[in-house]
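Trainee:
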Amino acid sequence: MNEREKNASIAYILSQSPLKPRPARARAAGMLRAIGLRYIFWDTGYSLFFAAVTLAAVTALFLAAPGEYRYSAAVAVAPLLFLLTSAFAETSERADGLYELKQTCRYTIRQIAALRVLCYSVAGAAFTAVVAAAGAKDGYEFISLFPLCLSALFACAALSLAAMRFLRGKWGGAAFLAAWAFVSAALPFSLGERWETLLGGTPAAISAVIAVTGAAALAVQLSKMLSEADKYAAA
Amino acid sequence: MLLLNNVTKKYGKFTALEDITLEFSGGVYALLAPNGAGKTTLIKMLTTLIFPTKGEILWNGDGITGLDAAYRDLLGYLPQDFGYYKNHSPRDFLLYMSAVKCLGRDTAKRRTDELLETVGLSDVRDKKMRKFSGGMIQRVGIAQAMLNDPKILILDEPTAGLDPKERVRFRNLISSLSKDRIVILSTHIVSDIETIANSVIMFKDHKLFVNDAPAAICRTLAGKIYESDGAVPPGSLVLTERQEGGRTVTRFACESGCPAEARQAEPNLEDVFLTVFRDGQDDCLGVA
């Protein structure tokens, strides 16, 4: 029996067993209960502070952006709360010398990072609503802009988790932040009005479908990060 | 029992460890080899930080990767570069690590206070760690490794950078913590392990070279270690030199033909280490 057949047999036996592996949702809830929010965000104060300062500066720029580019500006700014908080936290976690140690604990640092991402996504969604409300002229435009902003947020979150899973160096989080910021800036600057027209002309229903797909991709990434210990070596 | 079965670790084309088979069943095991020999690679595999390219690591017959959190529950680990939170007290830090190790709140408080007592840091338990000495930080490190009362305690170069007094203190601490558990200690400082290790594991050329009790390893050089304040015979291996009564006494390993004025000495682990890991010479002394 080769390794593949052995794993398939084990998976089959487990699927027939009354003791099935816990789904990621239950794992996340269990972790939240056991660790508590205080320790999930323990010693992330500096990174959150720098994220808040950067975000305040970018938000000020967004509010000063010309009205004819409000879709482009809103979509670029919407994922920033999530992006800055998660990238700063991950980079500082990697640099503080405890990353490997925390990877050997019952709840690994990657699982804790996944929980943080979940919390940042919830905060990011709230921030997105504020950005969409500030960028929209009226209620109709809000309905069209909000799902677009959510799509950007969830796409950013899902890709950021994928980067966290596969980039092993200290600067993986920061590299993703830089890449996303470059692409978000490059699109409106290079395409100009065409980008604004494309975003403004996207029907709300299509934006909503993209947002839901993004949320599903984020859920898949979160689930993988919470449960697949054997795929991600830290060193 | 922790078992490594024909474990190989490669990084691209570079082989860090090749075909290692080892069994750990209880007591202190010392990994003794020069820097770059593969000690840290082995430790990272044992702590699931990296995975073998070939072979398997089993705990009581089950693969450690599959055991996942159940295996990590058995593990206490002090890494080589132990980072710590400068702005927190050791008590806060240990309570945080207890939460990550999933200890209940009451257990966490009790274990934290017990361990701070054990490592002699009770009087500074609420002081920020930024002013702690290297030895004190290492003691915080061993305390966090012991929080979950691990069955497997893994210490990577725990005495590097410590002054002699702290090193002795740390050795005694490790010795006292080694009952009913596997302690795997990596070091290149021979004196750290001579007295406390039940078994010494040496790697050479990224392969397992020897795994035996210190006394048995030393016996491989019995009758081959000499000391002399005169000339050292050609072909012998100079190990150490020391000053004694204004004369330079040379300790050397010699297979045969030693001068009559040289006196035979009891081989120690340092002799073995220097003989095995000498630069650019083949082993002519039959160690291991």
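Respectively, the protein sequence lines represent chains A and B. Going by the numbering used here, the first residue of the first sequence is number 1, and it counts up by one from there. Going by the numbering used here, the first residue of the second sequence is number 236, and it counts up by one from there. We put the beta carbon where it would ideally sit given N, CA and C, even for glycine. Please read these numbers as outputs of a predicted model, since none were measured by experiment.
1) Using a Cβ-Cβ cut-off of 7 Å, state whether C119(A) counts as contacting chain B.
2) Using a Cβ-Cβ cutoff of 7 Å, what residues of the segment 92-109 of chain A are near chain B? List them in chain order.
3) Since G262(B) sits in a beta bridge, which residues does DSSP pair it with?
4) Does any residue of chain B bring its CB to less than 7 Å from the CB of A113(A)?
5) DSSP three-state call for F508(B): helix, strand or coil?
6) Under 8 Å by Cβ, that's how I've got V445(B) and M437(B) pegged, so tell me the actual separation to the nearest angstrom.
7) Taking buried to mean at least 16 other C-beta atoms within 10 Å of its own C-beta, is P385(B) buried or exposed?
8) Are the Cβ atoms of Y99(A) and E196(A) separated by less than 7 Å?
9) Could you pull the start and end residues of the alpha helix (DSSP H) that Y107(A) belongs to?
10) Kindly list the residues whose CB is nearer than 7 Å to the CB of S223(A), restricted to its own chain and excluding five residues on each side of it in sequence; keep chain order.
11) Using C-beta distances below 7 Å, list every residue in its chain close to D391(B), excluding the 5 sequence neighbours before and after it, in chain order.
12) Quick check: what's the CA-CA separation for I13(A) versus G301(B)?
13) Distance, Cα to Cα, K245(B) vs Y140(A)?
14) For R477(B), report the span of its beta strand (DSSP E) as first-last.
15) If you measure from the beta carbon of I13(A) to each beta carbon in chain B, is any gap under 7 Å?
16) For R360(B) versus L351(B), is the C-beta distance shorter than 7 Å?
17) What's the gap between the Cα of R326(B) and the Cα of R345(B)?
18) Between which two residues does the alpha helix (DSSP H) holding T483(B) run?
19) Taking 8 Å as the cut-off, does the segment 502-515 of chain B touch the segment 449-457 of chain B (at least 3 CB pairs, one atom from each stretch)?
20) Whole angstroms is fine: what's the gap from Q373(B)'s alpha carbon to H423(B)'s?
21) Chain B partners of G36(A), CB-CB under 8 Å?
22) Going by C-alpha distance, which of N240(B), Y319(B), L267(B) and R340(B) is nearest I419(B)?
23) Note the first and the last residue of the continuous beta strand (DSSP E) segment covering E462(B).
24) Closer than 7 Å, Cβ to any Cβ of chain B: which residues of the segment 195-210 of chain A, in chain order?
25) Going by the CB atoms, is the gap between R416(B) and D382(B) shorter than 7 Å?
26) For the candidate residues G273(B), L281(B) and L252(B), whose alpha-carbon lies nearest to that of L237(B)?
27) In chain B, which residues lie less than 8 Å from W180(A) when you measure between Cβ atoms?
28) Using DSSP with H/G/I as helix, E/B as strand and the rest coil, what is F166(A)?
29) Which of the residues in the segment 37-48 of chain A, read from start to end, lie with their CB under 8 Å from any CB of chain B?
30) DSSP on T91(A), reduced to helix/strand/coil?
31) Against chain A, does Y246(B) count as a neighbour if the rule is that its beta carbon must be under 7 Å from one of theirs?
32) Using the Cβ count rule (16 or more neighbours within 10 Å means buried), how would you classify Y236(A)?
33) Closer than 8 Å, Cβ to any Cβ of chain A: which residues of the segment 425-454 of chain B, in chain order?
34) DSSP three-state call for D138(A): helix, strand or coil?
35) For the alpha helix (DSSP H) that contains L48(A), what are its first and last residues?
36) Using CA atoms only, rank isn't needed, just tell me which of S491(B), Q478(B), S411(B) and V473(B) is closest to F512(B).
Mentor: By the coordinates alone:
1) no
2) D96, G97, L98, E100, L101, K102, Q103, T104, C105, R106 and Y107
3) I417(B)
4) no
5) helix
6) 5 Å
7) buried
8) no
9) Here Y107(A) belongs to no alpha helix (DSSP H), and DSSP marks it neither H nor E.
10) Its chain contains A24 as the residues whose beta carbon lies nearer than 7 Å to that of S223(A), once the 5 sequence neighbours on both sides are disregarded; these appear in chain order.
11) T275, I278, L313, P314, Q315 and S421
12) Whole-angstrom Cα-Cα distance: 15 Å.
13) Using only the alpha carbons, I get a separation of about 59 Å.
14) L472 to E479
15) no
16) yes
17) 11 Å
18) Premise fails: T483(B) lies in the beta strand (DSSP E), R482 to A488, not in any alpha helix (DSSP H).
19) yes
20) When the Cα atoms are used, Q373(B) and H423(B) turn out to be separated by approximately 17 Å.
21) A334
22) L267(B)
23) E462(B) -> beta strand (DSSP E) spans I460 to S463.
24) none
25) The amino acid at residue 382(B) is misidentified as Asp; the sequence shows Leu. The answer is no: Cβ separation not under 7 Å.
26) Comparing Cα-Cα distances from L237(B) to each of G273(B), L281(B) and L252(B), the minimum goes to L281(B).
27) When 8 Å is used as the limit between beta carbons, W180(A) is near no residue of chain B, the shortest such separation being about 28 Å.
28) helix
29) Y39, W42 and D43
30) In this structure, T91(A) counts as helix in the three-state DSSP scheme.
31) Taking Cβ atoms only, chain A never reaches closer than 7 Å to Y246(B), which makes this a no.
32) Nothing about residue 236(A) can be reported from this structure: the residues present for chain A run from 1 to 235 only.
33) none
34) coil
35) Taken as a continuous stretch (DSSP letters only), the alpha helix (DSSP H) holding L48(A) covers G45 to L63.
36) V473(B)
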